[in-house]
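So the protein lines, in turn, are chains A and B. For the first sequence, this note's numbering begins at 1 and goes up steadily by one. For the second sequence, this note's numbering begins at 162 and goes up steadily by one.
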Amino acid sequence: MDKISVTFRLNGETVSADVPVTWTLLRTLRETFELTGSKEGCGVGECGACTVIVDGQAVNACLFPIPEIEGKSVVTIEGIAQVDGSLHPIQQAFIENNGVQCGFCTSGMIMSAKALLDQNPEPTEKDVRRAISGNICRCTGYVQIVESIEKAAHTQKPDSV
Amino acid sequence: MIQFAYYKPTQLADVFKLLSEHGRKAELIAGGTDVMVVIRQSNRSPEVLISLRNIEDLSYIHKNGNYTIGALTTHRMIETSALMKNELTALYQGSSQVGSVQIRNVATIGGNICNAAPSADTAAPLMVLDAEMVLKRADSERRVPIEDFFVGPSETVREWDEILTEIVIPEQMATFGSAYYKHSRRRAMNLPIIGVAVGLALGSNGNIREARIALTVAAPTPIRIHAAEAFLKGQPPEDAVLKEAGQIASSPECCSPRDSLRCEGWYREDMVRVLIPRVAKAAAANAAEKKI
């Protein structure tokens, strides 16, 4: 299998890897970098469990061809806690507002929420629902998730990561 | 077996070179939200993928007389463009409803058109906006009206050595009001049961000066409904008139919806009749805002 060498930013650090050219970003994150927070649900861009942020935009890592990552900046669920180890306000809000049940969709949900709040710190409920419309949760019925994101927007300082 | 070489040219000239080198063994990939899914689900791949993603010159929305949209423009760029929202409303509505935020951040308008799904969300809007597709070869260029672009499901007039580079929407569309409605069971992550777009220009007397109606999932390709358009010309945009346009459009002469997983043909036909007047009303309201 032909391999390709890629160099990119991963959660703030410059990383390089030789990976099969046919791999996706998701497979590379999970198997090469052992960052298994991003999940594979459907593998075809329907469920959003693999959502990561590439150059500021939420994308499905399962559809992202690995050669395209060269020179880009990727943020995954593993990279959003504060430097001192305390949780990101969105993570904290999910815990406090019961936004997590089985947890499979959670990292994708939080990355979609982060992409939203980074661009729009004061979203309406409609904005929140639209932002997570590509993330399927089969447990919660979404209400606690939406509340978690809205509460996070309230508590998040504009200058936080 | 999934095995391919992946090329990332930055210049169009290099894309043509790669195409002539690899011929039909090569496939173009833009945002990848269709190509990657097909590879995954079929567990087969073309031998060569030529990525258009790094050709930056093809990602833009301009208005300089005509409107020009680069083929690599993402749906997200269209969704967040005030120009699109205000002036080409149906296209803004179409792009805003493709997939999810994650999909719209990478999926392109050119990919949506070249993939040629009978349900493509930008197809009906581009039809009512008289869009032309600019197809380039290494040494030539042609323009194809979108109405002539689709041949069948997943089939277009684009030849293997051609690249869709730009979508041109004529200047006069600035005077049209337009609207698109995607009828589906969920509000996101779904394909339309039926898609309806209407474009209307109103005369100084308030009557319809020109009309365009387009449907998706009503035939093997997206279609224009010329008979209903001709009927609307010169008429006032009143409920009874718009209702009649819906009646005409839902006739077997105009559309041929099929039974599918998502719904049966008779329901699609009913929805054409119901939705055309509603969407036309929205287009008329949009047009009224534009009257100078």
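Think of the CB as a built atom: it goes at the ideal place given N, C-alpha and C, for glycine as much as any other residue. No experiment lies behind these values; they were computed from the predicted model shown.
| message | With a threshold of 8 Å between beta-carbons, can E150/A be considered close to chain B, or not? | response | Within the first sequence, residue 150/A is the residue found at index 150, counting from 1. Judged by the 8 Å Cβ criterion, E150/A is not in contact with chain B.
| query | Just how far apart, CA to CA, sit N351/B and R429/B? | reply | Reading the second sequence from its first residue, position 190 is the one you call residue 351/B. Reading the second sequence from its first residue, position 268 is the one you call residue 429/B. Their Cα atoms are separated by approximately 16 Å.
| message | Can you confirm whether V59/A, when its beta carbon is compared against all beta carbons of chain B, has any partner nearer than 8 Å? | response | Locating residue 59/A in the first sequence gives position 59, counting from the first residue. Judged by the 8 Å Cβ criterion, V59/A is in contact with chain B.
| query | Along the chain, where does the beta strand (DSSP E) that runs through Q57/A open and close? | reply | Numbered from its first residue, the first sequence carries residue 57/A at position 57. Q57 to N60 is the span of the beta strand (DSSP E), which, as asked, contains Q57/A.
| field | Beta-ladder partner(s) of G356/B, from DSSP | value | Position 195 of the second sequence, counted from the first residue, corresponds to residue 356/B. In the DSSP output, where bridge partners are listed per residue, G356/B has K343/B and T377/B.
| Do we get a CB-CB distance below 8 Å when we pair I211/B with the residues of chain A? | Here residue 211/B refers to the residue found at position 50 of the second sequence. I211/B does not count as touching chain A.
| request: Could you work out which residues of chain B lie near V15/A, taking near to mean beta carbons separated by less than 8 Å? | output: As a first step, residue 15/A is located in the first sequence; it is residue number 15 there, counting from the start. Here the premise fails: no neighbours, minimum Cβ distance about 19 Å.
| request: Throw me the rounded Cβ distance for the I53/A and M111/A pair, which I believe falls under 8 Å. | output: The count along the first sequence starts at 1 and reaches residue 53/A at position 53. The count along the first sequence starts at 1 and reaches residue 111/A at position 111. At roughly 6 Å, the Cβ-Cβ gap stays under 8 Å, so I53/A and M111/A are in contact.
| message | By alpha-carbon positions, which one of D195/B, A243/B, Q164/B and L244/B ends up nearest to P207/B? | response | Position 46 of the second sequence, counted from the start, is the residue given in the question as residue 207/B. Closest option to P207/B, Cα to Cα, is Q164/B.
| request: State the Cα-Cα distance for the pair A153/A and K394/B, rounded to the nearest angstrom. | output: Along the first sequence, read from residue 1 onward, the residue named residue 153/A stands at position 153. Along the second sequence, read from residue 1 onward, the residue named residue 394/B stands at position 233. The alpha-carbon atoms of A153/A and K394/B are separated by roughly 50 Å.
| Proximal residues to A93/A (C-beta, below 6 Å), its chain only, five neighbours per side dropped | Taking the first sequence and counting its residues from 1, the one referred to as residue 93/A is at position 93. Hits under 6 Å: S148, K151 and A152.
| query | Should N266/B be labelled buried (16 or more other beta-carbon atoms within 10 Å of its own) or exposed? | reply | The residue given as residue 266/B occupies position 105 in the second sequence. Result: buried.
| message | Looking only at its chain, what residues have a beta carbon closer than 6 Å to the beta carbon of K178/B, apart from the 5 residues adjacent to it on each side? | response | For the purposes of this step, residue 178/B is taken as the residue at position 17 of the second sequence. Excluding residues within five positions, none has a Cβ falling inside 6 Å.
| task | Please say whether V305/B and V312/B have beta carbons closer to each other than 8 Å? | result | As a working mapping, residue 312/B is identified with position 151 in the second sequence. As a working mapping, residue 305/B is identified with position 144 in the second sequence. Cβ atoms of V312/B and V305/B: not closer than 8 Å.
| field | Cut-off 8 Å between Cβ atoms - residues of its own chain near S5/A, not counting five sequence neighbours on either side | value | Here residue 5/A refers to the residue found at position 5 when the first sequence is read from its first residue. Within the same chain, S5/A has close Cβ partners S16, A17 and D18.
| Where A362/B falls: helix, strand or coil (DSSP) | The residue you call residue 362/B lines up with position 201 of the second sequence. Correct three-state label for A362/B: strand.
| said: Rounded to whole angstroms, what is the Cα-Cα separation between A441/B and G367/B? | reply: Start at 1 with the first residue of the second sequence, and residue 441/B comes out as number 280. Start at 1 with the first residue of the second sequence, and residue 367/B comes out as number 206. Going from the Cα of A441/B to the Cα of G367/B covers about 14 Å.
| query | Are the beta-carbon atoms of I374/B and E399/B separated by less than 8 Å? | reply | Locating residue 374/B in the second sequence gives position 213, where the first residue counts as 1. Locating residue 399/B in the second sequence gives position 238, where the first residue counts as 1. Going by C-beta atoms, I374/B is not nearer than 8 Å to E399/B.
| message | In the DSSP assignment, the alpha helix (DSSP H) including F455/B goes from what residue to what residue? | response | Because chain B spans 162 through 453 in this model, residue 455/B falls outside it and cannot be assessed.
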